[in-house]
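Under the numbering used here, the residues of the sequence shown are numbered 777 to 951, in order.
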Amino acid sequence: MRVTRRDASDGRGGRSLDTLDSKILEILQRDGRISYREVGRRLGVSEGTIRSRANRMQSDGVVTFAAIADPMKMGYRVMAFFLLQVKVGYQQSAIDALTEWPEITYISACIGRADLYVQVVCTDHDQLWSLLSERFADVEGVEHVETFQEIKMHKVSYVYPVTGMSSEAAGPTQE
């Protein structure tokens, strides 16, 4: 009988996070500029272990390091989102066209009353009006646009609860 580490899959072809990965990720989500040395100190492991784990999570696409800007402090005064209904067969071409717009900060495909969810930032209401009255009309396949303007953000978070713990987190397996 021997004890081995199980390399658990997340069901999507990637690796699941073990307990240490999850703890590293929790710390990095709250402060992406923290040194690996400090993370290691907090978790009681070496800086090299943290670096290796963080690099693996980055190469696996689990984490991306980015600077998040505050659009209001950058001169954008209007934030809005749209629910778009798109003709069958035109969804990808609409996505391709819309992803080129610099005002659009987020697009996702949906099911339900809308086909696409689109977030935008605009410098003013005139720019928002231009999007609604002129530019959406030029996107082939867009049949209906429902608009919502955000008037105050109460929570903006890019911190996600860490899930996907592998069975390794429960301890070693026996073979």
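Every residue, glycine too, gets a C-beta built ideally from N, C-alpha and C.
Nothing here was measured: the structure is a model prediction, and the numbers come from that model.
In this structure, DSSP gives A885 an extended state, which the three-state scheme calls strand. Per the DSSP secondary-structure output, F912 pairs with nothing in a beta bridge. In this structure, the beta-carbon distance from C898 to E922 does not fall below 8 Å.
Taking one beta carbon from each stretch, the region 827-841 and the region 871-878 have fewer than 3 pairs nearer than 8 Å; the two do not touch. When the beta-carbon positions are compared, L860 and V821 stay at least 8 Å from each other. A straight line joining the alpha-carbon of R809 with that of A885 spans about 32 Å.
Y893: member of the beta strand (DSSP E) spanning 892-898, first to last residue. No Cβ-Cβ contact shorter than 8 Å links Q903 with T881. Among the bridge pairs identified by DSSP, T923 is matched with F858. Between V938 and S798 a beta carbon distance of about 4 Å is seen, short of the 8 Å cut, so the two are scored as contacting. As the crow flies, the alpha-carbon of Y866 is around 23 Å from that of A856. Under the three-state reduction of DSSP, V918 is assigned to strand.
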